[in-house]
Amino acid sequence: MQRTEIKAALGLAGDDREINVRGWVRSRRGNKNVSFIALNDGSTIKNIQIVANMAVEGEAQESNTTYFTDDDLRLVTTGSCLNVTGRLVESMGKGQTVEIQATEIEVYGTADPMTYPLQKKGHSMEYLREIAHLRPRTNTFGAVLRIRHNMAMAIHTYFHEHGYFYFHTPLITASDAEGAGQMFQVTTKNLYRLKKDDDGHIDYSDDFFGKMTSLTVSGQLEGELGAMALGKIYTFGPTFRAENSNTPRHLAEFWMIEPEVAFIQKDELMDLEEDFLKYCVRWALDNCADDLQFLNDMFDKGLIERLKSVVDTDFVRLTYTEGIDILQEAVKHGKKFEFPCNWGDDLASEHERYLVEEHFKKPVIMTDYPKEIKAFYMKINDDQKTVQGTDVLFPSIGEIIGGSVREESYDKLMSEIERRGIPMKDMWWYLDTRRYGSAPHAGFGLGFERLMLFVTGMQNIRDVIPFPRTPKSAEF
Ligand code: 4AD
Ligand code: MG
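Structure representation (structure tokens):
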């Protein structure tokens, strides 16, 4: 019989129709007369209740009812996978409108109760990370992963509807886009027998690509090439950073969305950042109601309110210099920060969160940072001290977007590269955008998992990606 997904089944009328569902047992309870099996197939956070009437010796049986023996259901345990046929009927029980009166229960795959790791409810997040291969079967991770899919769809839909082209940038690269030296090397060389030149430097000429290559930290530089031809592009792919920061907001492998747009100025870039983020959050509210409600009830009573407030509010736009003034004023009035916040310092997440959560109580787009704390490609302001960065700071997250207007002048870009001593021999192609038909342009990068943290209210970035990669951890 053709299978019906549980999400669809739960929307049907309980009119005694015959129906087939398949899924994993979440729980089983009952008494000697009846067994109730909660079945979930991942299509929705909700389970469907399977009712199995049990044959009791000596008791009369109705002719139009199917009875099961204890032996029939011996292998129906938490975690096992079932193929169930039955009649869809109205439910007397609380919390569901329909249930299935089983006529046939086939066990596809058993799960030994002695060893199946997801027996009880309410495992800690830390424990679940150790069984990341099974945690998608929990309510929490089912919800998070359905929301993750929906956010990816929101992003593609937003850009597609606004005339952007999805542009695929390479994951293996010979350039350090952010100039921060946090790259993982890619090599086929035998690391125990590296060929070195007379000065003791590694000779890459016989390596796979004939030069030193790494996993990309950002698709931006190639994205700019796309924007200089297609006008508006976006990337959406994995990026890698070997930063040894064991925080709840950093991954070594994360997904980034990087739109790059020709002919826009700083104000239009900020409009885009704000409009795009609101669109994604609204999409979650519109499309993930059941899963959000679950996360709201279980973990974070303020989640849905917080999402709505972001959609309905104008983001604050503030220069870095104004931000530093506010922070120093707060310090004067007794606010204690762990890190200093003098003009020129990179803001720590405690500073970002003070501005967003305590001072403004709204998302903030911070602009015009000191050039020394930002990347080489950002457009320098007339004051020669600040650059046209446009980061978005979010409640409970801190930096969610890093963006900027790009320096389009060849001479200015070149002199910044030289001033910083950036090795540009493999970047001639990037500089060519400024040599041939250069144009004003701007773009940003959104960390997908940071968006996921915000939308799900989860506390740790390891819990919004199926298989997190962090220092000393690459299991699964
Ligand atoms: O601020 P970042 O480093 O900017 C760039 O990479 C630019 N090339 C983007 C652009 O203008 N096209 O990174 C962008 C965003 C951050 O705001 C943050 O959300 C996320 O990427 N991010 C991380 N997310 C998880 N783990 C990490 N280690 C991250 N590093 C950055
Ligand atoms: Mg940044």
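In terms of this note's numbering, the sequence shown is residues 35 to 510.
Virtual Cβ for every residue (Gly too), placed ideally from N, Cα, C.
Neighbourhood of residue 451 by C-beta distance below 7 angstroms, restricted to the same chain and skipping five residues each side: 410 and 458
Tell me whether the stretch 353 to 360 and the stretch 394 to 404 touch, counting them as touching only if at least three CB pairs, one residue from each stretch, are closer than 8 angstroms. Pairwise C-beta distances place the stretch 353 to 360 in contact with the stretch 394 to 404, as three or more of them are shorter than 8 angstroms.
For the ligand MG, list every residue whose C-beta falls under 7 angstroms from any of its heavy atoms, going in chain order. 425, 433 and 436
Less than 8 angstroms between the CB atoms is what I'm expecting for residue 203 and residue 287, so what's the real figure, rounded? Their Cβ separation, rounded to whole angstroms, is 16 angstroms, which puts residue 203 and residue 287 out of contact at 8 angstroms.
Is it the case that the CB of residue 258 approaches a heavy atom of the ligand HEM more closely than 6 angstroms? With respect to the ligand HEM, the structure shown offers nothing to examine, as its ligands consist of the ligand 4AD and the ligand MG.
According to the Cβ coordinates, are residue 138 and residue 119 closer than 7 angstroms? yes
Over the uninterrupted alpha helix (DSSP H) stretch that includes residue 251, give me the two end residues. That residue, residue 251, is in no alpha helix (DSSP H); it is neither H nor E in DSSP.
Which residues mark the beginning and the end of the alpha helix (DSSP H) in which residue 448 is found? 444 to 454
Check whether the Cβ atoms of residue 162 and residue 170 lie closer than 7 angstroms to each other. no
Closer than 6 angstroms by C-beta to residue 177: which residues in its own chain qualify, once you throw out the five before and the five after it? Chain order, please. 79, 325, 328 and 329
Residues in its own chain within less than 7 angstroms of residue 42 by CB, not counting five upstream and five downstream? none
Simplified DSSP assignment, three categories, for residue 507: The answer is strand: DSSP assigns residue 507 an E or B state.
When you compare only the Cα positions, how much space is there between residue 361 and residue 216? Going from the Cα of residue 361 to the Cα of residue 216 covers about 29 angstroms.
Can you give me the Cβ contacts of residue 101 inside the same chain, cut-off strictly under 8 angstroms, excluding the 5 residues immediately before and after it? Answer for residue 101: 87, 88, 89 and 95, listed in chain order.
Candidates 77, 317 and 195: which alpha carbon is nearest residue 267's? 195
Taking just the CA atoms, how far does residue 378 sit from residue 184? 39 angstroms
Sequence ranges, beta strand (DSSP E) only - wholly within the stretch 38 to 89, length at least 3: 49 to 64, 68 to 74 and 82 to 88
Looking at the strands, I want to know which residues DSSP matches up with residue 120. 53 and 136
At which residues does the beta strand (DSSP E) containing residue 315 begin and terminate? Run containing residue 315: none in the beta strand (DSSP E); it sits in the alpha helix (DSSP H), 300 to 321.
Count the other CB atoms, across all protein chains shown, that sit within 10 Å of the CB of residue 113; report buried if there are 16 or more and exposed otherwise. buried
My assumption, with CB atoms under 8 angstroms, is that residue 290 sits in contact with residue 252. Please give the rounded CB distance. 7 angstroms
Which full runs of the alpha helix (DSSP H) of 4+ residues lie inside the stretch 338 to 376, going along the chain? 354 to 366
Beta-carbon proximity check, residue 495 vs residue 483, cutoff 7 angstroms: Going by C-beta atoms, residue 495 is nearer than 7 angstroms to residue 483.
Below 8 angstroms on the Cβ atoms is my contact criterion, and I expect residue 479 with residue 254 to pass it. Report the Cβ-Cβ distance as a whole number of Å. 7 angstroms
Look up residue 458 in the DSSP assignment and say whether it is helix, strand or coil. DSSP places residue 458 in the coil class of the three-state scheme, outside both helix and strand.
Limits of the unbroken alpha helix (DSSP H) element including residue 487: 482 to 490
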